[in-house]
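Chains A and B supply the protein sequences, listed in that same order. Using the UniProt record's numbering, read the first sequence as starting at 1 and increasing by one per residue. Using the UniProt record's numbering, read the second sequence as starting at 1 and increasing by one per residue. Cβ coordinates follow ideal geometry from the N, Cα and C atoms, glycine included. Being a predicted model, the structure only gives us computed values, none of them experimental. In what follows, a structure is listed as structure tokens, so that the remarks can point back to it.
There are 2 protein chains.
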Amino acid sequence: LASKVSISVVLPTVSRVALCGGTHGNELSGVYLVRERLKRKVEEEEHISVVTVMSNPRAVQQCRRYTETDLNRCFTHATLSGPVTDKTPYEIVRSQELNTLLGPKGSPEAMDLVCDLHNTTANMGLCLIAYSDCDWISLHIYRYLQARENNHHRDSSFWMHFLIRVELPIEIGPQAHGVVRSNILSTMQEGVQQMLEWVRLFNSGTPFEGGKVDVYTMVKNVDYPRDFETRGITAAIHPQLQDRDFCLLRPNDPVFQTFSGETLKYTGTEPLYPFFINECAYYEKGIALSLARQRSVFKSGD
Amino acid sequence: LASKVSISVVLPTVSRVALCGGTHGNELSGVYLVRERLKRKVEEEEHISVVTVMSNPRAVQQCRRYTETDLNRCFTHATLSGPVTDKTPYEIVRSQELNTLLGPKGSPEAMDLVCDLHNTTANMGLCLIAYSDCDWISLHIYRYLQARENNHHRDSSFWMHFLIRVELPIEIGPQAHGVVRSNILSTMQEGVQQMLEWVRLFNSGTPFEGGKVDVYTMVKNVDYPRDFETRGITAAIHPQLQDRDFCLLRPNDPVFQTFSGETLKYTGTEPLYPFFINECAYYEKGIALSLARQRSVFKSGD
């Protein structure tokens with residue numbers, strides 16, 4: 001018989017926070033949040049040092065995801081330590097600059113918390129993404145934001161999720177790329193304020209209670225059906241699945257509707273949770289949606 | 001005293017119809033509708049000759065609005081008759097090719113009806129746009145589609161409008177550029193089928209009753225508030241205006257919310273109808289929304 005074990009985790013102070021927007025130049029909530037902070041020269045939020053960064057200014061200027069290669073895929077040790085020549089893509093050069101500014105990755109000088117602000121065309125609400133379910137800081141922040149959200153917006157149709165995937169920290173949608181929507185920007189602004197508030201409370205020794213957190217762990221990506229020869233897509237997300245991110249997808253549920261009108265169903269045997277449904281930027285990556293398993297993590301208090 | 005005068009308009013047969021998609025390469029409903037027709041080699045729809053065209057294949061391949069210049073702004077007599085050199089932007093060369101294929105503009109060989117399929121990120125539903133309120137064919141088609149829509153989708157939240165502006169014929173939204181949504185694609189497919197159905201009935205001599213049609217006539221464009229020096233935008237569409245295309249905007253109604261949280265109100269004295277609210281591609285054109293006057297046109301029967 002398993003017995004419940006209480007784990008005590010010692011976490012260091014979060015003294016250096018980086019706030020990044022425009023990692024993808026056409027995801028405008030982060031772009032305008034960061035631009036506004038830079039304009040008002042906000043460098044300190046009640047004793048936390050916050051470094052505000054426009055990650056990919058060249059892509060922001062062109063209002064494109066990236067100019068030569070996806071910046072968000074450049075933060076590997078190989079790319080960060082590779083040689084730079086005249087022909088090196090701009091984003092690789094920029095990733096090395098950012099690594100110097102915010103890292104170096106894995107060093108003791110690195111930022112304690114990097115909050116990277118993204119938008120998605122998927123109906124994902126506010127979604128925090130972490131590397132693992134042992135990322136206690138992110139789990140605590142998530143719980144804090146969730147509690148605040150429940151208190152303040154009981155009637156709101158806006159919801160939050162916590163997702164484990166190797167990449168990105170905060171996604172918010174639905175918002176078309178290249179567009180800024182006030183409500184989405186306000187929600188992101190509030191989320192960032194609450195995150196910084198949590199960091200302040202945490203640093204000042206405020207105890208946070210432990211408890212259950214539902215997390216989603218990425219299982220796999222699903223591509224669009226494609227034409228064998230041209231590789232062009234031959235179907236769109238089915239209307240019954242569109243916008244239903246984080247709603248359980250069961251075997252035989254509709255997934256795609258082909259351009260000739262046929263319905264294609266989910267052939268998996270395990271019910272899973274879809275997310276990033278119909279994200280614009282993932283057409284080129286061969287991802288129509290991703291699937292996750294949900295489970296509960298019992299997070300200890302501090 | 002004005003007396004009601006019945007006008008009889010003689011309209012020639014609509015024997016040559018062109019169906020264009022991908023005029024903007026990232027507006028995917030038209031792209032996939034056209035691609036599917038080309039794949040199935042649909043060239044004749046019950047005795048109407050329909051020329052199906054992918055307007056800007058290079059922009060479609062890159063999933064961008066355009067590669068060098070906006071194709072939709074190239075169809076002026078000056079551009080269409082200008083010289084072509086090695087340095088001429090691709091879209092200008094392509095506009096001349098299209099003019100040869102579908103026109104020449106103003107000539108007796110020109111298509112009788114060019115249906116150009118577009119998407120918008122604005123919540124405009126299905127919107128037919130015509131050059132003037134004397135465009136009887138478009139007004140008839142609009143009435144026909146509207147009647148069909150009322151019969152078939154009484155519960156649908158989808159709605160239609162008829163807009164007079166110098167440009168484009170069919171817009172449908174909201175849909176993020178670079179994304180295809182099944183429901184939007186299906187609505188466009190149905191709209192196109194009904195338009196062709198109307199053409200068939202019209203050509204075979206079916207009489208259509210006259211009556212009142214509400215049309216919107218463009219009055220002016222409104223730009224975002226901008227930073228005097230950088231020209232960057234300093235506000236987004238106000239949450240109370242976002243998605244309320246074709247809902248009356250009255251003096252003192254909120255229009256923008258600045259990034260620092262201030263509300264900016266409509267300072268005009270005439271209530272007007274907003275449309276193209278927060279259209280992605282119009283940020284670069286300096287258009288946050290357009291304003292129209294609504295009025296009724298009494299369309300005669302044939």
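Start and end residues, alpha helix (DSSP H) containing B/Ile-184:
Here residue 184 of chain B corresponds to residue number 184 of the second sequence, with the count starting at 1. Its alpha helix (DSSP H) spans residues 182 to 203.
According to DSSP, is A/Tyr-273 helix, strand or coil?
Your numbering for residue 273 of chain A matches position 273 in the first sequence. A/Tyr-273 falls in the strand class under three-state DSSP.
Mind the definition here: the segment 21 to 33 of chain A touches the segment 49 to 65 of chain A only if three or more C-beta pairs lie below 8 Å; say whether that holds.
Result yes; three or more Cβ-Cβ pairs closer than 8 Å.
Within-9 Å CB hit, A/Leu-19 to chain B
Counting from one through the first sequence, the residue named residue 19 of chain A turns up at place 19. No, A/Leu-19 lies away from the interface with chain B (no Cβ there is under 9 Å from its Cβ).
Measure the beta-carbon distance from B/Phe-230 to B/Ala-292 and round it to whole angstroms, keeping in mind my assumption that it falls under 8 Å.
In the second sequence, counting from the first residue as 1, residue 230 of chain B sits at position 230. In the second sequence, counting from the first residue as 1, residue 292 of chain B sits at position 292. Rather than Phe, the amino acid found at residue 230 of chain B in this sequence is Thr. At roughly 31 Å, the Cβ-Cβ gap does not stay under 8 Å, so B/Thr-230 and B/Ala-292 are not in contact.
Any contact between the segment 275 to 295 of chain A and the segment 194 to 207 of chain A? By contact I mean 3 or more CB pairs, one from each, below 8 Å.
no
Going by the CB atoms, is the gap between B/Leu-117 and B/Asn-29 shorter than 9 Å?
Working through the second sequence from its first residue, we reach residue 29 of chain B at position 29. Working through the second sequence from its first residue, we reach residue 117 of chain B at position 117. One point to set straight first is that residue 29 of chain B is Ser, not Asn, in the sequence displayed. A distance below 9 Å separates the beta carbons of B/Ser-29 and B/Leu-117.
Say whether chain B places a C-beta atom closer than 9 Å to the C-beta of A/Ala-176.
Position 176 of the first sequence, counting from 1, holds the residue named residue 176 of chain A. Answer yes: the Cβ-Cβ gap between A/Ala-176 and chain B drops below 9 Å somewhere.
Less than 9 Å between CB atoms is the rule here; does A/Ile-237 satisfy it with respect to chain B?
Counting from 1 along the first sequence, the entry for residue 237 of chain A is found at position 237. Cβ-Cβ to chain B under 9 Å: yes for A/Ile-237.
Could you give the DSSP three-state label for B/Lys-39: helix, strand or coil?
Numbered from 1 along the second sequence, position 39 holds the residue referred to as residue 39 of chain B. Of the three classes helix, strand and coil, the one that applies to B/Lys-39 here is helix, per DSSP.
Taking A/Asn-183 as the query, report the chain B residues whose CB atoms sit under 8 Å from its CB, ordered along the chain.
The residue labelled residue 183 of chain A in the question sits at position 183 within the first sequence. Correct list: Pro-239, Gln-242.
Does the distance from the CB of B/Phe-275 to the CB of B/His-161 come in under 9 Å?
Within the second sequence, the letter at position 275 stands for residue 275 of chain B. Within the second sequence, the letter at position 161 stands for residue 161 of chain B. It is a contact, given that the beta carbons lie within the stated cut-off.
Mind checking if A/Phe-275 is an interface residue toward chain B, Cβ cutoff 9 Å exclusive?
Residue 275 of chain A sits at position 275 when you count from the first residue of the first sequence. With 9 Å as the cut-off, A/Phe-275 does not count as an interface residue toward chain B.
Given B/Thr-79, which residues of its chain have a CB within under 7 Å of its CB, disregarding the five upstream and five downstream residues?
Residue 79 of chain B sits at position 79 when you count from the first residue of the second sequence. Here the set comprises Ile-92, Ser-95.
What does the Cβ neighbour count give for B/Cys-247, buried or exposed, with the cut at 16 atoms within 10 Å?
Reading the second sequence from its first residue, position 247 is the one you call residue 247 of chain B. Exposed.
Outcome for A/His-47 when other beta-carbon atoms lying within 10 angstroms are tallied against a minimum of 16
Within the first sequence, residue 47 of chain A is the residue found at index 47, counting from 1. A/His-47 comes out exposed.
Under 9 Å between C-beta atoms, does A/Arg-295 make it to chain B?
Position 295 of the first sequence, counted from the first residue, corresponds to residue 295 of chain A. Chain B contact via Cβ: absent.
Nearest chain B C-beta to A/Ile-172 closer than 9 Å, yes or no?
Numbered from 1 along the first sequence, position 172 holds the residue referred to as residue 172 of chain A. With 9 Å as the cut-off, A/Ile-172 does not count as an interface residue toward chain B.
Express the C-alpha separation of A/Pro-271 and A/Arg-16 in angstroms, rounding to a whole number.
Within the first sequence, numbered from 1, the residue matching residue 16 of chain A stands at position 16. Within the first sequence, numbered from 1, the residue matching residue 271 of chain A stands at position 271. Distance between the alpha carbons of A/Arg-16 and A/Pro-271 is about 40 Å.
Can you list, in chain order, the stretches of the beta strand (DSSP E) that have 3 or more residues and sit fully within the UniProt domain "AstE/AspA barrel-sandwich hybrid" (212 to 293) of chain B?
235 to 237, 254 to 258, 263 to 265, 273 to 275
Work out the CA separation of A/Thr-69 and A/Asp-86 for me, nearest whole Å.
One-based indexing of the first sequence puts residue 86 of chain A at position 86. One-based indexing of the first sequence puts residue 69 of chain A at position 69. So the alpha carbons of these two residues sit roughly 15 Å apart.
Which bits of chain A does B/Phe-259 rub up against, with CB to CB less than 7 Å?
Counting from one through the second sequence, the residue named residue 259 of chain B turns up at place 259. Going along chain A in sequence order, the residues near B/Phe-259 (Cβ under 7 Å) are Tyr-32, Glu-36.
Nearest-angstrom Cα separation, counted from B/Tyr-266 out to B/Pro-251:
Numbered from its first residue, the second sequence carries residue 251 of chain B at position 251. Numbered from its first residue, the second sequence carries residue 266 of chain B at position 266. Cα to Cα, B/Pro-251 sits roughly 5 Å from B/Tyr-266.
If we cut at 9 Å on Cβ distances, does B/Gly-232 have a partner in chain A?
Translated into the one-based positions of the second sequence, residue 232 of chain B becomes position 232. It does; some Cβ of chain A falls within 9 Å.
Cutoff 9 Å: A/Glu-284 Cβ touching any chain B Cβ:
Mapped onto the first sequence, residue 284 of chain A falls at position 284. A/Glu-284 counts as touching chain B.
Pick out whichever of B/Thr-121, B/Ile-137, B/Leu-98, B/Val-213 has its Cα sitting closest to the Cα of B/Ala-110.
Your numbering for residue 110 of chain B matches position 110 in the second sequence. Closest option to B/Ala-110, Cα to Cα, is B/Leu-98.
Kindly indicate which three-state DSSP category B/Arg-16 falls into: helix, strand or coil?
Residue numbering aside, residue 16 of chain B sits at position 16 when the second sequence is read from its first letter. The answer is strand: DSSP assigns B/Arg-16 an E or B state.
Just by C-beta distance, which residues in the segment 206 to 227 of chain B are closer than 8 Å to chain A?
none
Proximal residues of chain A, C-beta to C-beta of B/Thr-23 below 7 Å:
Position 23 of the second sequence holds residue 23 of chain B. Here the premise fails: no neighbours, minimum Cβ distance about 18 Å.
If you count every other CB in all the chains shown that lies within 10 Å of the CB of B/Gly-286, and 16 or more means buried, which is it?
The sequence position of residue 286 of chain B within the second sequence is 286, counting from 1. So B/Gly-286 ends up on the exposed side.
If you follow the beta strand (DSSP E) that A/Ala-110 is in, where does it begin and where does it stop?
Here residue 110 of chain A refers to the residue found at position 110 of the first sequence. Element bounds for A/Ala-110: n/a, residue is neither H nor E.
Alpha-carbon to alpha-carbon, A/Val-14 and A/His-112
Here residue 112 of chain A corresponds to residue number 112 of the first sequence, with the count starting at 1. Here residue 14 of chain A corresponds to residue number 14 of the first sequence, with the count starting at 1. Per the sequence shown, the amino acid found at residue 112 of chain A is Asp instead of His. Distance between the alpha carbons of A/Asp-112 and A/Val-14: 5 Å.
With DSSP run on the structure shown, which of helix, strand or coil describes B/Gly-21?
As a working mapping, residue 21 of chain B is identified with position 21 in the second sequence. It is a strand residue.
Grouping DSSP H, G and I as helix and E and B as strand, with all else coil, what is A/Arg-154?
The residue given as residue 154 of chain A occupies position 154 in the first sequence. No answer about A/Arg-154 holds up, because its pLDDT of 39 lies below 50 and its placement is not dependable.
Going along the chain, which unbroken runs of the beta strand (DSSP E) with 3 or more residues stay wholly within the segment 53 to 139 of chain A?
Restricted to the segment 53 to 139 of chain A, the beta strand (DSSP E) segments that are unbroken, complete and at least 3 residues in length are 113 to 119, 125 to 130, listed in chain order.
So B/Asp-214 and B/Ser-138 are in contact, right, with Cβ under 8 Å, and what is the actual spacing, rounded?
For this step, residue 214 of chain B is matched to residue 214 along the second sequence. For this step, residue 138 of chain B is matched to residue 138 along the second sequence. Not a contact, Cβ separation roughly 14 Å.
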